[in-house]
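To start, the structure itself, in structure tokens.
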Amino acid sequence: MPFQPDVHLNLNVRGLGVSATLAINERSNALRQQGRDVFKFGLGQSPFPVPPAVVSALQEFAAEKDYLPVKGLPALQGAIARYLDREHDAAFRAEDIMIGPGSKELMFILQLVYYGDLVIPTPSWVSYAPQASIIGRRVHWLPTHRENQWKLSAESLDALCQRDPGRPRLVILNYPANPHGYTFTDAELREIADVARYHRLILLSDEIYGRLQYNGQHRSIARYYPEGTIISDGMSKWCGAGGWRLGAFAFPPNLHWLRDAMATVASETYTSVAAPIQHAAVTAFDGGDDLDDYLFQARRILHALASYQVDSYQQAGLDLAMPDGAFYLFPDFTPLEGRLRDRGIRDSGALCESLLNDTGVATLPGEAFGRPAGELSLRQAFVDFDGQYALDGAAAHSGELDRAFLQQHCGRCITAMDRIADWLAG
Ligand code: PLP
């Protein structure tokens with residue numbers, strides 16, 4: 002039989018499309034090219050620039066051309082270990098750190114080398130489950146409740162493990178979380194750590210938004226379950242450098258076997274992260290006063306924007322609590338179900354479609370994050386503003402970042418939020 006290029010039955014990405022976040026970005030760009038004014042609340046990209054000292058470091062190291070060790074540049078591994086110590090009170094050494102081209106890639110190769118089920122709460126970030134499906138792992142979605150801010154509970158984790166004790170499982174916790182911005186309390190982290198220790202679970206603690214927790218008090222579960230926790234972090238969110246593609250995992254010594262297995266895969270695939278990026282990242286993870294100021298202002302701006310939108314939703318009758326960090330909100334429009342149904346909106350896909358068509362605001366349906374299609378939830382990433390302009394304005398503004406400030410410095414975001422409010426009222 003002649004070769005048929007369209008025969009794809011043995012592809013292991015069958016049924017999966019391009020990642021939902023990237024797809025909405027492409028769709029928004031296409032609509033913009035047709036002349037539509039689209040507000041990009043779809044892709045979760047930091048609105049802030051890479052801090053100037055980190056950009057200068059990249060310029061300085063542009064001529065670095067050698068392949069680097071698979072696990073990473075030793076100076077950067079050391080800088081990340083010190084950073085985790087400083088930020089999270091988690092004692093790591095340079096050799097515990099593995100650097101990869103984005104934490105997403107590291108998550109993929111972790112799932113590839115670890116033969117266990119993936120356990121995640123619903124809703125969760127869009128890529129964990131598709132990665133498991135590509136590799137052929139089973140995915141368990143743990144139920145959560147809006148009233149409990151969509152957080153995975155120790156009880157539900159325990160109940161799952163009791164049903165089949167001893168089964169290898171990888172649990173991913175993300176806090177503050179994409180898609181909703183909520184984080185765990187200390188007590189909740191301790192409870193989950195106790196269950197994880199009892200059932201010998203491997204925890205991947207995705208803390209990529211930790212430094213964007215508004216009160217600056219992010220705390221890692223590695224404090225309470227150090228022996229079974231891998232911390233995931235990177236430059237994409239708190240350092241505004243998503244396109245630089247640098248992420249890092251920190252392993253406790255007794256999980257070095259996983260680090261080594263991942264390094265084998267890395268050595269046969271991407272080899273190592275770009276040398277200039279790794280050299281420049283040392284400056285980012287070493288930090289300093291400038292970076293602390295940058296983060297302080299970034300958190301202030303994000304907090305003010307979240308608060309503006311939460312107030313507006315509460316006035317519209319939604320039961321939405323203030324998030325703890327990051328640049329996301331995950332409103333559930335179920336209380337307005339009747340009114341939305343009258344407009345023909347019956348699921349989260351139709352909700353986002355109508356919102357985009359009627360207001361130009363691009364968001365992502367709750368379904369992309371593992372929620373039931375019929376639930377009227379969506380994720381909005383309030384990032385459509387000029388981050389540098391907002392940072393400069395916030396640095397010169399000592400009082401509260403009120404509506405007038407936001408209107409002047411994050412005008413597109415405020416316009417988009419007001420359009421959503423008018424659309425809900427209409
Ligand atoms: N984890 C979460 C929760 C994210 O939102 C993202 C990016 O959007 C990532 C991981 C991946 O980040 P990166 O691969 O850029 O490090």
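So the sequence shown is numbered by the working numbering: it starts at 2 and just counts up by one. Cβ coordinates follow ideal geometry from the N, Cα and C atoms, glycine included.
Short of 7 angstroms from the beta carbon of residue 161, and not among the five residues preceding or following it, lie these beta carbons of its own chain, in chain order: 120, 141, 143.
Only residues of its own chain outside the window of five on either side were considered, and among them 84, 87 have a CB closer than 8 angstroms to the CB of residue 288, listed in chain order. One thing to note: residue 280 has its Cβ within 8 angstroms of the Cβ of residue 62. Check the Cα spacing between residue 157 and each of 139, 133, 197, 328: the tightest is with 197. Excluding the 5 residues flanking it on each side, residue 33 has same chain C-beta neighbours closer than 8 angstroms at 39, in chain order. For the ligand PLP, the residues with a Cβ under 6 angstroms from any of its heavy atoms are, in chain order, 45, 103, 104, 105, 126, 175, 179, 207, 209, 235, 237, 243, 248. Residue state for residue 321 is assigned as coil, using DSSP reduced to three classes. Taken atom to atom, the span from the alpha-carbon of residue 236 to that of residue 55 is near 11 angstroms. Per DSSP, residue 374 lies in no alpha helix (DSSP H) and is assigned neither H nor E. Here residue 175 is bridged, per DSSP, to 207. Counting only residues of its own chain and dropping the five nearest sequence neighbours on each side, residue 150 has a CB closer than 8 angstroms to the CB of 181, 183, 322.
By the CB criterion at 8 angstroms, residue 213 and residue 171 fall outside the cutoff.
Assignment of residue 230 by DSSP, reduced to helix, strand and coil, places it in the strand class.
Short of 6 angstroms from the beta carbon of residue 122, and not among the five residues preceding or following it, lie these beta carbons of its own chain, in chain order: 143, 145, 153. With a 10 Å radius around the Cβ and a threshold of 16 neighbouring Cβ atoms, residue 207 comes out buried. Scanning its chain for C-beta atoms nearer than 7 angstroms, with the 5 sequence neighbours on each side dropped, one finds around residue 376 the residues 333, 335, 349, 367, in chain order. Cβ-Cβ distances below 6 angstroms link residue 79 to 95 in the same chain, with the five nearest sequence neighbours on each side left out; the list follows chain order.
A check of alpha carbon separations from residue 393 across 378, 291, 209, 116 identifies 291 as the nearest. Per DSSP, the unbroken alpha helix (DSSP H) holding residue 190 starts and ends at 187–199. Beyond the five residues adjoining it in sequence on each side, residue 113 comes within less than 7 angstroms, by CB distance, of 136, 266 in the same chain, given in chain order. About 22 angstroms separates the beta carbon of residue 382 from that of residue 109, a gap too long to meet the 8 angstroms contact definition.
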